[in-house]
Amino acid sequence: MPLIEIDRASGTVLLHAARTCYALRVDPPAGTVRTVHWGGPVTPADISSPQEPDNGADSFSAPLDGTEELAVDGQVRFAPPALEVRYADGTSAVEPVVDGYDVREDGDSAELSISLHDTGRPLGWQLHYRVRRDCPVIERWTVLRHTGERGEPPLTLLRHSAAQWNLPVLPAYRMSSVHGRWAGEFQLRRTPLAVGETTLTSRRGHTGHQSNPWLTLDSGDSTEEAGEVWTVALATSGSWRMTTVRSAEGRCSVLGGSGHEGVEVVLAAGESWTTPVSTGLYTPGGFGGASRAHHSYVREHVLPAPGEPRPVLYNSWEATAFDVTFDGQRELADLAARIGAELFVVDDGWFGARTSDRAGLGDWTPRQTAFPEGLRPLADHVHGLGMRFGLWVEPEMVNPDSELFRERPDWVLHLPDRTAHPLRNQLVLDFSRPEITDWALGWLLRTVDTFGVDFLKWDFNRSFTEAGSADHRSDVRRVFVEHALGAHRVLDELRAARPALRIEACSGGGGRVDLASLARTDQAWVSDNTDAVDRLAIQHGFSQIYPAQVMGAWVTDSPNPFTRRAVPLRFRFHSAMAGALGVGGDLTRWSAEELDEARAYVARYKEVRSTVQTGEQYRLGSPEDGAHAVQYVARDGSESVVLQWRVGPADRALPPRLRLRGLDPQAVYRMDDDGGTLPAGTLRSGAALAAHGVPAELPLGDYASRMLTLRRKG
Numbered sequence: 010m011p012l013i014e015i016d017r018a019s020g021t022v023l024l025h026a027a028r029t030c031y032a033l034r035v036d037p038p039a040g041t042v043r044t045v046h047w048g049g050p051v052t053p054a055d056i057s058s059p060q061e062p063d064n065g066a067d068s069f070s071a072p073l074d075g076t077e078e079l080a081v082d083g084q085v086r087f088a089p090p091a092l093e094v095r096y097a098d099g100t101s102a103v104e105p106v107v108d109g110y111d112v113r114e115d116g117d118s119a120e121l122s123i124s125l126h127d128t129g130r131p132l133g134w135q136l137h138y139r140v141r142r143d144c145p146v147i148e149r150w151t152v153l154r155h156t157g158e159r160g161e162p163p164l165t166l167l168r169h170s171a172a173q174w175n176l177p178v179l180p181a182y183r184m185s186s187v188h189g190r191w192a193g194e195f196q197l198r199r200t201p202l203a204v205g206e207t208t209l210t211s212r213r214g215h216t217g218h219q220s221n222p223w224l225t226l227d228s229g230d231s232t233e234e235a236g237e238v239w240t241v242a243l244a245t246s247g248s249w250r251m252t253t254v255r256s257a258e259g260r261c262s263v264l265g266g267s268g269h270e271g272v273e274v275v276l277a278a279g280e281s282w283t284t285p286v287s288t289g290l291y292t293p294g295g296f297g298g299a300s301r302a303h304h305s306y307v308r309e310h311v312l313p314a315p316g317e318p319r320p321v322l323y324n325s326w327e328a329t330a331f332d333v334t335f336d337g338q339r340e341l342a343d344l345a346a347r348i349g350a351e352l353f354v355v356d357d358g359w360f361g362a363r364t365s366d367r368a369g370l371g372d373w374t375p376r377q378t379a380f381p382e383g384l385r386p387l388a389d390h391v392h393g394l395g396m397r398f399g400l401w402v403e404p405e406m407v408n409p410d411s412e413l414f415r416e417r418p419d420w421v422l423h424l425p426d427r428t429a430h431p432l433r434n435q436l437v438l439d440f441s442r443p444e445i446t447d448w449a450l451g452w453l454l455r456t457v458d459t460f461g462v463d464f465l466k467w468d469f470n471r472s473f474t475e476a477g478s479a480d481h482r483s484d485v486r487r488v489f490v491e492h493a494l495g496a497h498r499v500l501d502e503l504r505a506a507r508p509a510l511r512i513e514a515c516s517g518g519g520g521r522v523d524l525a526s527l528a529r530t531d532q533a534w535v536s537d538n539t540d541a542v543d544r545l546a547i548q549h550g551f552s553q554i555y556p557a558q559v560m561g562a563w564v565t566d567s568p569n570p571f572t573r574r575a576v577p578l579r580f581r582f583h584s585a586m587a588g589a590l591g592v593g594g595d596l597t598r599w600s601a602e603e604l605d606e607a608r609a610y611v612a613r614y615k616e617v618r619s620t621v622q623t624g625e626q627y628r629l630g631s632p633e634d635g636a637h638a639v640q641y642v643a644r645d646g647s648e649s650v651v652l653q654w655r656v657g658p659a660d661r662a663l664p665p666r667l668r669l670r671g672l673d674p675q676a677v678y679r680m681d682d683d684g685g686t687l688p689a690g691t692l693r694s695g696a697a698l699a700a701h702g703v704p705a706e707l708p709l710g711d712y713a714s715r716m717l718t719l720r721r722k723g
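Mapping of the sequence shown onto this note's numbering: residues 10 to 723, in sequence order.
Below, the structure written as structure tokens:
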């Protein structure tokens, strides 16, 4: 069966993705492209008959609202437009004309493009769709262009959504999304969707800690493992906006694109603008089914190196802060190798005059007093210990107290007649300008080559304020979008030039986690909050869209440097082993017993790493329950790993059993429980583990945890 079927008589186009179908109707005479179906598999015969709404004599309704693939401003439309333009005469009304469509199919993927233009005005646009045979995620984006002749006045894009996603009419709508703040990211919320417009956005020039560019909708009765769920996400790393529109008539649409309100894009004659990709997913398998589908999509179609196990890393920040010296880092490297780390990362403080956050950003040469012979001797020592060598960098930032700023003050984002207000004693370099991104790429390549760097932690510790470009364009706020595109160009060229280099995305923790960043990096630093208990809720929200493979998680000291909470080393490791394991504590203060215990946990993690990082993930409860677990099932079904936690004292009531998921009901599994609840080598069938589960009792104590490993026999 072709991935895209077209019935030219009715104008119906049916896109087949794995376990889902998306159908639309192209009507050239009316100039409309309308959603027909988004859900489970259907055939062309199921949707071939047009079903146009009839507004009768109601002059206050708009039949097109909530049905078009990319609604414009103009004609009989009252809902928020997905595409809004201002022409040179100040008008915004658009009258679309469909020019035609084109299909390209290449084995297991296919792309549909639909061309439209505005009657009598110099605006054209193409709607793009991509589907894959093995993936239920549909990718959409839009290309807009000024079609006028040279010398014609420019036009301004006021709203430039990547896509408009129209859901089927449901009896009710519930929205799931994540919210938070610095050090408290990815807090999951599920709330009834109000009639009207609900907007999630970042006005900060980066993805943001306060929200993340995705949302999920259901009818209000879906569960973790059952019920219809629709998810929309944006692949963008700058400012963004997603608006969910629920009409009083019962329709629901999701619009989304780069830029927040007021971020305008001016197009001169002949220029074009390509939106970021927006992804849409339908599944009848509940929130867990949606998560697993997204995880698979990220691994197979987003990440640049998905097949590699993420190394166990050690990061020096919480041990040393800015007190970085060759001798101190060498001692930490020796201890990191002792516990089994595979990657040693020197964090902030290795360069320029960087003895605090007040100076040095922009001066990317090793601090002479700390590294009199440069970084190469430390890198050689780390490599000699059998570990890879990594560095923290923040290429997009500069301290006013730096040689770079004194030489090039015009390189920062600023408005000429406004005071630049430093945050964290730093300003943002204008990465929308090629001369600045060329400079950044140059020193990054020199640093990687000169010091034998295998890994970069790319940080971004400041949101935009008073942001404008020295280019003095009329669309001065465009930098809220184009800065991130400049960072993407540097990352793309850096990876192309040094394919062995691996990169972690960071922005004061989880402030730049999105599909566009993950397309250029290998993992993400999820939060600067390393408290093992707080991390359970952060990781729960993160896992709704993003896989464990990219979720950097550290074991740090107790009491935790951020929260002062004292938690056993066992619980800290079990919390961090739910993702890409790292260690960030001051190992010079750990006892010999703690170092030995850490080494044992690291070795245990390496045994199950493939299953945790790339297996199918099942959430068994949530952190709100006080006791919950996460289960991972290897993609070949040979192994499963369960991590379970309890926060607070044990309830005297009989705890519920953990009913496991994703196992072969006919297979028999041998279980090893490091919590001591089950006898070593206990055998159970997959059917029994699903129906009756395993005992959920955990050891006594306020912070109890365990790891249960199941291996299929035969």
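No residue lacks a Cβ here, since even glycine has one placed at the ideal position from N, Cα and C.
Please read these numbers as outputs of a predicted model, since none were measured by experiment.
Element boundaries [alpha helix (DSSP H), containing residue i]
i      : result
ARG544 : 541–551
HIS701 : Here HIS701 belongs to no alpha helix (DSSP H), and DSSP marks it neither H nor E.
ASP55  : 53–56
ALA328 : 326–329
PHE489 : 488–506
SER526 : 524–527
Where residue i falls, given that 16 or more other Cβ within 10 Å makes a residue buried
i      : result
PHE398 : buried
ALA472 : Sequence check: residue 472 is Ser here, not Ala. Buried, by the Cβ-count rule.
LYS722 : exposed
ALA91  : buried
VAL85  : exposed
THR232 : exposed
GLU706 : buried
PHE69  : exposed
ASP426 : exposed
GLN653 : buried
PHE414 : buried
Beta carbon of residue i nearer than 8 Å to that of residue j
i      : j      : result
LEU312 : LEU604 : no
TYR306 : TRP239 : no
GLY561 : VAL535 : yes
GLU625 : GLY657 : no
GLY349 : VAL611 : yes
VAL106 : VAL35  : no
LEU433 : ASP366 : The question names Leu, but residue 433 in the sequence shown is Arg. Yes, the pair counts as a contact, with Cβ atoms nearer than the cut-off.
LEU400 : VAL462 : yes
ARG666 : SER246 : no
VAL321 : GLU351 : yes
ARG319 : ALA589 : yes
ALA713 : LEU669 : no
GLY519 : TRP563 : no
HIS155 : LEU132 : yes
LEU136 : LEU276 : no
SER122 : VAL140 : no
Residue i - containing beta strand (DSSP E), residue span
i      : result
HIS46  : 41–48
PRO145 : 144–155
TYR138 : 132–141
MET184 : 183–188
ASP227 : 223–227
Residues bridged to residue i (per DSSP)
i      : result
TYR31  : LEU24, TRP47
ARG250 : THR210, GLY266
PHE571 : PHE571 is not bridged to any residue.
PHE360 : PRO375
ASP115 : SER118
ASP660 : None; ASP660 has no bridge partner.
ALA238 : Sequence check: residue 238 is Val here, not Ala. Answer is THR292.
LEU8   : Residue numbering for the chain in the displayed model covers 10 to 723; residue 8 lies beyond these limits and cannot be assessed.
TRP174 : VAL263
PHE353 : TYR323, PHE398
ASP36  : THR41
Any C-beta of chain C under 8 Å from that of residue i
i      : result
TRP223 : This model lacks chain C altogether, as it is built from one protein chain only.
Next on the checklist: Runs of 3 residues minimum, wholly inside the region 581–645: which ones carry the beta strand (DSSP E) assignment?
Outcome noted: Taken in chain order, the complete beta strand (DSSP E) segments of 3 residues or longer contained in the region 581–645 are 589–592, 625–629, 636–642.
Item to check | Those runs of the beta strand (DSSP E) which lie wholly inside the region 384–467 and span at least 3 residues | outcome: For the region 384–467, whole beta strand (DSSP E) runs of length 3 or above, ordered along the chain, are 397–402, 464–467.
Checklist entry - Which parts of the region 270–345 are runs of the alpha helix (DSSP H), unbroken and 4 residues or longer, counting only runs that do not cross its ends? => result Listed in chain order, the complete alpha helix (DSSP H) runs (minimum 4 residues) inside the region 270–345 are 295–310, 326–329.
Next on the checklist: What ranges does the alpha helix (DSSP H) occupy inside the region 663–719, keeping only unbroken runs of at least 4 residues that lie completely in it?
Outcome noted: Counting whole runs of 4 or more residues, the region 663–719 contains the alpha helix (DSSP H) stretches 695–700.
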